[in-house]
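>
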Amino acid sequence: MSTNEGFRADWAQKDFYAELGVGKTASSDEIKKAYRKLARANHPDSNPGDTAKHDKFKAVAEAYDVVGDPEKRAKYDEMRVYSGGAGYPGGFGGGGGGGFDLNDLLRERSGGAGSAGGGFGDMFGDLFGGGGRNRRPRAQKGADVDTTATISFTDAIDGVTVSLRMTSDSACPDCKGTGGKPGTKPHVCPQCEGAGFVVASAGGAFSINETCPMCSGRQLVYDEACPTCHGSGRGTSARTIQARIPAGVKDGQRIRLRGKGAPGDNGGPAGDLYVTVKVSGHRLFARKDDNLLLDVPVSFDELVLGAEIKIPTLGGSPVTLKVPGGTPNGRTFRVRGRGAPKADGSKGDLLATVEVQVPVVLDPAAREAVEAYRAATAGKPLRSKLFEEA
Ligand SMILES: [Zn+2]
Ligand SMILES: [Zn+2]
7 MSTNEGFRAD
17 WAQKDFYAEL
27 GVGKTASSDE
37 IKKAYRKLAR
47 ANHPDSNPGD
57 TAKHDKFKAV
67 AEAYDVVGDP
77 EKRAKYDEMR
87 VYSGGAGYPG
97 GFGGGGGGGF
107 DLNDLLRERS
117 GGAGSAGGGF
127 GDMFGDLFGG
137 GGRNRRPRAQ
147 KGADVDTTAT
157 ISFTDAIDGV
167 TVSLRMTSDS
177 ACPDCKGTGG
187 KPGTKPHVCP
197 QCEGAGFVVA
207 SAGGAFSINE
217 TCPMCSGRQL
227 VYDEACPTCH
237 GSGRGTSART
247 IQARIPAGVK
257 DGQRIRLRGK
267 GAPGDNGGPA
277 GDLYVTVKVS
287 GHRLFARKDD
297 NLLLDVPVSF
307 DELVLGAEIK
317 IPTLGGSPVT
327 LKVPGGTPNG
337 RTFRVRGRGA
347 PKADGSKGDL
357 LATVEVQVPV
367 VLDPAAREAV
377 EAYRAATAGK
387 PLRSKLFEEA
């Protein structure tokens, strides 16, 4: 965090404005003037031996170093707001019994007050990692999202782009996810003392850290909840995304669409979208793995004598089945490459099953022919086996 280099935790405890005798809203010109005046008046060269003035000179120089620099001043102001230095009640440093000492927290998190590493910015970001996510951007991958899409049988074969309206959890737009009433100030969670977690006994000698139930791990609490989200910090956002369902998708298949999930935080990558595809049925075709199934009505004579039977394919030109004479009812013919697309780019097969249709009404000539057929085949022991084995 090079931008925070030179930042010091103890600044939160110092009122640089008071040191310079200016208001918090003083312009940079006013600050500069106040500094010059005080620096002159307390300069060690003009006040030899006056240690009080030497100290004042140093303090004024430190104050001007911070609030005289617009960038540092902005960070300092921000830090003061959260440290309680700005004078709101209940702040970290706000005195009072059982009060919270920011410095304790900082020591704890930085591994010692004297450690030079990190700087306040890092600790600050850590401290507000939960509730003040917007304080220090930390790129985070968005959540994965699950949804379903119902597509037609034909679209499953051909592939299709579907519009999916996604509703996902996101930070409440009014409180920016803090859960606090906008405009009000947070204070450190009294239950976890700003840790964001509490130690819970898991039985025996074990103890585990649990997310603090009071602040939900945000480390800060507000006296008044955000009226929009009632303190949850969560909102919902809806968006419509275009999802490409690949050709050949099967009913119930779960498709991963990389980067189509919830948006990432602070420039992090989006999560993934998992679409469970439901495929509607087709009036003629059914599907088994990569093969398409079709029942083909045939007449008795077509199977007996053989026939060339034209059948439809899905999304392609019809094909002709060569049914040899003496084909049993229910036989399945395989038409290669006319099934569903496979992952490798090839296609499954069309499995056509012949099924004899018995005419309900026969015209006289046909009836006569069938009766002649019966006469010609009478006496063939078609069912004799049934009785032999019964
Ligand atoms: Zn808490
Ligand atoms: Zn809210």
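Just so you know, we're using this note's numbering here: the sequence shown kicks off at 7 and counts up by one.
C-beta: ideal position from N, C-alpha, C; glycine also.
If you reduce the DSSP assignment to three classes, tell me which class valine 376 lands in.
For this step, residue 376 is matched to residue 370 along the sequence shown. For valine 376, the secondary structure class from DSSP, reduced to helix, strand or coil, is helix.
> What does the alpha-carbon distance come out to for the pair leucine 320 and alanine 253?
Translated into the one-based positions of the sequence shown, residue 320 becomes position 314. Translated into the one-based positions of the sequence shown, residue 253 becomes position 247. Whole-angstrom Cα-Cα distance: 13 Å.
> Let me know if leucine 279 comes out buried or exposed under the rule of 16 or more other beta-carbons within 10 Å of its beta-carbon.
One-based indexing of the sequence shown puts residue 279 at position 273. Answer is buried; the Cβ neighbour count reaches 16.
> Please work out which residues of its chain come closer than 8 Å, Cβ to Cβ, to glutamate 361, disregarding the five sequence neighbours upstream and downstream, and give them in chain order.
The sequence position of residue 361 within the sequence shown is 355, counting from 1. So the qualifying residues of the chain are Asp301, Val302, Pro303, Val304, Asn335, Gly336.
> Nearer than 7 Å: is that true of the beta carbon of cysteine 235 relative to any heavy atom of ligand 2?
To locate residue 235, count along the sequence shown from 1; it is residue 229. Yes, the beta carbon of cysteine 235 sits closer than 7 Å to at least one heavy atom of ligand 2.
> Determine the closest residue to lysine 256 out of Pro318, Lys43, Ile163, Ser213, with distance taken between C-alpha atoms.
What you label residue 256 is simply residue 250 of the sequence shown in a count that begins at 1. If we check each option's Cα against that of lysine 256, Ile163 comes out closest.
> Expressed to the nearest angstrom, what Euclidean distance is found between the alpha-carbon atoms of arginine 289 and alanine 349?
Counting from one through the sequence shown, the residue named residue 289 turns up at place 283. Counting from one through the sequence shown, the residue named residue 349 turns up at place 343. Cα to Cα, arginine 289 sits roughly 25 Å from alanine 349.
> Below 7 Å CB to CB, which residues in the same chain sit around glutamate 25 once its five sequence neighbours on both sides are set aside?
Locating residue 25 in the sequence shown gives position 19, counting from the first residue. These residues qualify, in order along the chain: Ala65, Val66, Ala69.
> Run the CB neighbour count on valine 291, radius 10 Å, all protein chains shown included, and call it buried at 16 or more, exposed below.
Indexing the sequence shown from 1 puts residue 291 at position 285. Before going on, a small fix: residue 291 reads as phenylalanine here, not valine. Looking at its Cβ environment, which holds 16 or more other Cβ atoms inside 10 Å, phenylalanine 291 is buried.
> Per DSSP, what kind of secondary structure is glutamate 216 in: helix, strand or coil?
Taking the sequence shown and counting its residues from 1, one reaches residue 216 at position 210. Note: glutamate 216 maps to strand in three-state DSSP.
> What does arginine 250 pair with, by DSSP beta-bridge criteria?
By 1-based counting over the sequence shown, the position of residue 250 is 244. According to DSSP, which records beta bridges pairwise, arginine 250 is partnered with Thr167.
> Ligand 2 heavy atoms versus the CB of glycine 185: any closer than 7 Å?
Taking the first residue of the sequence shown as 1, we reach residue 185 at position 179. Yes, the beta carbon of glycine 185 sits closer than 7 Å to at least one heavy atom of ligand 2.
> Following the continuous beta strand (DSSP E) through tyrosine 280, name the residue where it begins and the one where it ends.
Indexing the sequence shown from 1 puts residue 280 at position 274. 279-285 is the span of the beta strand (DSSP E), which, as asked, contains tyrosine 280.
> Is glycine 202 close to ligand 1? I mean its beta-carbon at under 7 Å from any heavy atom of the ligand.
Along the sequence shown, one-based indexing puts residue 202 at 196. Under cutoff, so the answer is yes.
> Would you check whether ligand 2 has a heavy atom nearer than 7 Å to the C-beta of aspartate 229?
For this step, residue 229 is matched to residue 223 along the sequence shown. It does not: the Cβ of aspartate 229 is nowhere closer than 7 Å to a heavy atom of ligand 2.
> DSSP has methionine 172 in a bridge; who is on the other side?
As a position in the sequence shown, residue 172 is number 166, starting the count at 1. According to DSSP, which records beta bridges pairwise, methionine 172 is partnered with Arg245.
> Measuring only from the beta carbon, is cysteine 178 closer than 7 Å to any heavy atom that is part of ligand 1?
For the purposes of this step, residue 178 is identified with residue 172 of the sequence shown, where counting begins at 1. No - ligand 1 has no heavy atom lying nearer than 7 Å to the Cβ of cysteine 178.
> Would you kindly work out how many angstroms separate the C-alpha atoms of proline 179 and glycine 241, rounded to a whole number?
Taking the sequence shown and counting its residues from 1, the one referred to as residue 179 is at position 173. Taking the sequence shown and counting its residues from 1, the one referred to as residue 241 is at position 235. Roughly 7 Å between the two C-alpha positions.
> How many angstroms separate the CA atom of leucine 356 from the CA atom of glycine 331?
Along the sequence shown, read from residue 1 onward, the residue named residue 356 stands at position 350. Along the sequence shown, read from residue 1 onward, the residue named residue 331 stands at position 325. If I take the Cα positions, the gap works out to 21 Å.
> Thinking C-alpha only, which one of Ser213, Leu170, Pro347, Thr234 is nearest glycine 185?
Here residue 185 corresponds to residue number 179 of the sequence shown, with the count starting at 1. Minimum Cα distance to glycine 185 is reached at Thr234.
> Between cysteine 218 and ligand 2, is the CB less than 7 Å from at least one heavy atom?
One-based indexing of the sequence shown puts residue 218 at position 212. No - ligand 2 has no heavy atom lying nearer than 7 Å to the Cβ of cysteine 218.
> May I ask you to report which of helix, strand or coil DSSP gives threonine 234?
Against the sequence shown, residue 234 aligns to sequence position 228. Coil, per DSSP.
> Going by the CB atoms, is the gap between glycine 223 and glycine 239 shorter than 8 Å?
Numbered from its first residue, the sequence shown carries residue 239 at position 233. Numbered from its first residue, the sequence shown carries residue 223 at position 217. Not closer than 8 Å, so no.
> Assuming alanine 346 and leucine 327 form a contact by the criterion Cβ under 8 Å, report the distance between their Cβ atoms to the nearest whole angstrom.
As a working note, residue 346 is residue 340 in the sequence shown. As a working note, residue 327 is residue 321 in the sequence shown. 19 Å between Cβ atoms; not a contact.
> So valine 283 and isoleucine 157 are supposed to be a Cβ contact under 8 Å. How far apart are they, rounded?
Counted from its first residue, the sequence shown places residue 283 at position 277. Counted from its first residue, the sequence shown places residue 157 at position 151. Yes, they are in contact, since the Cβ atoms of valine 283 and isoleucine 157 sit about 6 Å apart, within 8 Å.
> Measuring straight from C-alpha to C-alpha, what distance separates lysine 30 and valine 205?
Taking the first residue of the sequence shown as 1, we reach residue 30 at position 24. Taking the first residue of the sequence shown as 1, we reach residue 205 at position 199. Spanning the two alpha carbons is a distance of roughly 40 Å.
> Using only the heavy atoms of ligand 2, determine whether one of them is closer than 7 Å to the beta carbon of glycine 239.
Position 233 of the sequence shown, counting from 1, holds the residue named residue 239. Flag set: Cβ of glycine 239 near ligand 2.
> Smallest Cα separation from serine 176: which of Thr154, Leu263, Gly267?
One-based indexing of the sequence shown puts residue 176 at position 170. Cα-wise, what sits closest to serine 176 is Gly267.
> If distances are taken between C-alpha atoms only, which option among Glu395, Ser33, Gly183, Val285 comes closest to glutamine 259?
Working through the sequence shown from its first residue, we reach residue 259 at position 253. Considering only alpha carbons, the answer is Val285.
> Could you tell me the distance, in whole angstroms, from the CA atom of valine 376 to the CA atom of aspartate 369?
Residue numbering aside, residue 376 sits at position 370 when the sequence shown is read from its first letter. Residue numbering aside, residue 369 sits at position 363 when the sequence shown is read from its first letter. Rounded to whole angstroms, the separation of the alpha carbons of aspartate 369 and valine 376 is 11 Å.
> Tell me whether glutamine 225 counts as near ligand 1, meaning its Cβ is closer than 7 Å to at least one heavy atom of that ligand.
For the purposes of this step, residue 225 is taken as residue 219 along the sequence shown, with counting starting at 1. Yes.
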